[in-house]
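These notes concern the structure reproduced below.
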Amino acid sequence: MVSKVKIGLIQASHDTSGDEPCQAHIDNAIEKHLSLIAEAAAKGAKIVCLQEVFTTPYFCAEQNPKWYATAEAIPEGPTTQLFKEVAKQHGIVLVLPIYEKAAEGVYYNTAAVIDADGTYLGKYRKNHIPHVQAGPNPQHGFWEKYYFKPGNLGYPVFKTIYGTIGVYICYDRHFPEGARLLGLAGAEIVFNPSATIAGLSEYLWKLEQPAHAVANGYYLGAINRVGYEGPWNFGEFYGQSYLVDPRGNFAAMGSRNESEVVIGEMDRNLIAEVRDQWQFYRDRRPETYEKMVQLLP
Numbered sequence: 001m002v003s004k005v006k007i008g009l010i011q012a013s014h015d016t017s018g019d020e021p022c023q024a025h026i027d028n029a030i031e032k033h034l035s036l037i038a039e040a041a042a043k044g045a046k047i048v049c050l051q052e053v054f055t056t057p058y059f060c061a062e063q064n065p066k067w068y069a070t071a072e073a074i075p076e077g078p079t080t081q082l083f084k085e086v087a088k089q090h091g092i093v094l095v096l097p098i099y100e101k102a103a104e105g106v107y108y109n110t111a112a113v114i115d116a117d118g119t120y121l122g123k124y125r126k127n128h129i130p131h132v133q134a135g136p137n138p139q140h141g142f143w144e145k146y147y148f149k150p151g152n153l154g155y156p157v158f159k160t161i162y163g164t165i166g167v168y169i170c171y172d173r174h175f176p177e178g179a180r181l182l183g184l185a186g187a188e189i190v191f192n193p194s195a196t197i198a199g200l201s202e203y204l205w206k207l208e209q210p211a212h213a214v215a216n217g218y219y220l221g222a223i224n225r226v227g228y229e230g231p232w233n234f235g236e237f238y239g240q241s242y243l244v245d246p247r248g249n250f251a252a253m254g255s256r257n258e259s260e261v262v263i264g265e266m267d268r269n270l271i272a273e274v275r276d277q278w279q280f281y282r283d284r285r286p287e288t289y290e291k292m293v294q295l296l297p
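Heads up: the sequence shown at position 142 corresponds to 142 in the UniProt record's numbering, and the numbers run straight through without jumps.
Spelled out as C-alpha cells, the structure:
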C-alpha cells in the first residue's frame with residue numbers, strides 16, 4: 001500500500017430553494033456533485049468525502065414532514081447504487097453522506113462508504129443528534145431529532161484499497177469518545193461531513209478536530225457546505241473545509257464561500273512517526289475511566 005494518498009474534500013452550496021419539490025433537490029445536487037467528484041479525481045484524489053446529507057438543503061432548519069421523502073435505503077437506494085458506479089469509474093473511494101430510510105418511519109443521518117472498485121463496504125449512522133434553536137427566529141434551528149434516530153452501528157472503520165477510514169458526522173465532533181474509538185479501531189483518517197453555520201460553534205471549527213487528530217495520531221478531513229439556503233436563511237454555512245495531519249497542522253484548507261474541491265495529502269509514514277513519538281495509545285489507562293460510561297445526572 002502506498003505511503004501517500006491524495007484526499008478530496010467537497011464543499012458546495014445547495015442552489016435549490018427549499019420550496020422546490022424533493023426530487024428537484026436530489027437531481028440538482030447529484031448533477032453538481034458528479035462534476036465536483038470528476039474534478040477531484042482529475043486532481044489525483046483517491047479518497048473523496050462529500051458534505052452532510054449532500055442531496056438536500058440542510059432541511060433540519062425547519063420541522064416539516066416533506067423532507068422524509070428525500071430519505072432512501074442504503075445500499076439498495078438509487079443514490080448509493082449510482083455512486084458505486086461513479087467510484088468504480090474514477091477508481092476512488094467515496095464517503096457518501098445520505099439521509100437514510102431504514103424502515104417505514106425510521107430514519108438516520110448516515111454515510112455510506114464505497115471502495116474504489118465500486119464495492120459497498122458499509123455505513124456509519126450519526127450517533128449524537130442535536131436539537132437546538134439557531135438564530136433569532138425561534139422556528140429555525142438544528143431540529144435533528146425530528147428527522148433522525150441516534151445511530152446504532154457503533155463506530156466502525158472501513159478498510160479500503162487506499163487506507164482505513166472512519167466517519168464522524170457534524171455534531172459528533174463535539175464528543176471525543178467516538179473519535180478515540182475510531183483511532184483504537186485502526187482509522188488512519190477520519191472524515192467529518194458537516195452542515196454548520198457561523199455563530200454558535202464556528203470558533204470551535206478549527207479547534208476541536210485538530211485536537212482529535214493530535215490525540216489519536218490520524219488525519220482528519222472536516223467538510224462544511226457553503227452559502228445561505230432559502231427559504232430559511234437562518235445562517236451562513238461558512239465552508240473552510242480542511243485536512244489536518246496528526247501533528248495538528250492544516251494540510252489543506254478551503255475558502256469560506258466557494259463551491260470547490262479541497263485537495264490534501266495523507267502520509268502514512270507521518271502517522272507512524274507521530275504515534276511512535278507520543279505513544280498515547282500505550283499510555284492510556286482505561287481501567288481508570290470507568291465513570292465515563294456510567295449514567296450520571
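For each residue, glycine too, the CB sits at the ideal point set by N, CA and C.
The beta carbon of E39 lies closer than 7 Å to those of V261 in the same chain, with the five residues before and after it left out. Taken through DSSP and simplified to helix, strand or coil, L184 comes out as helix. I47 and D117 do not touch by the CB rule: their CB atoms are close to 14 Å apart, not below 8 Å. Looking at the DSSP output, W143 shares a beta bridge with H131. Per DSSP, the continuous alpha helix (DSSP H) segment holding D276 begins and ends at R268 to W278. For C22, the enclosing alpha helix (DSSP H) covers residues C22 to A42. For Q11, the pairing in a beta bridge is given by DSSP as E260. Contact between the region 16–25 and the region 63–71 is present, with at least three C-beta pairs closer than 8 Å. Going by C-alpha positions, D115 is about 9 Å away from F158. The shortest CA-to-CA distance from E104 to any of Y147, F280, D245 and R125 is the one to Y147. By the 16-neighbour rule on beta-carbons within 10 angstroms, V190 is buried. Taking 8 Å as the cut-off, the beta carbon of A187 is found closer than this to the beta carbon of G166.
Between E52 and S194 a beta carbon distance of about 5 Å is seen, short of the 8 Å cut, so the two are scored as contacting. If one requires a minimum length of 4 residues, the alpha helix (DSSP H) runs lying completely within the region 146–233 are 176–184 and 208–216, in chain order. Boundaries of the beta strand (DSSP E) around A252: F250 to M253. DSSP lists V95 and G122 as the bridge partner or partners of V113.
Scanning its chain for C-beta atoms nearer than 7 Å, with the 5 sequence neighbours on each side dropped, one finds around P150 the residues N127 and I129, in chain order. Assignment of V53 by DSSP, reduced to helix, strand and coil, places it in the coil class.
Cβ contact annotation for K32 (same chain, cutoff 7 Å, sequence separation greater than five): A12, in chain order. For K88, the closest of N233, R268 and T119 by C-alpha to C-alpha distance is T119. For L82, the uninterrupted alpha helix (DSSP H) segment begins and ends at P78 to H90. The Cβ atoms of V274 and R256 lie no closer than 8 Å to each other.
Taking G235 as the centre and dropping the five residues before and after it, the same chain places the C-beta of A134, G135, I197, A198 and G199 closer than 7 Å to its C-beta, in chain order. In terms of Cβ geometry, Y108 and P156 do not form a close pair [threshold 8 Å].
Its Cα nearest to that of Y218, the residue L184 stands out among L184, T55, I74 and T16. For the options K43, E177 and A42, the alpha carbon positioned closest to that of M292 is the one of E177. A215 has its alpha-carbon roughly 31 Å from the corresponding atom of S259.
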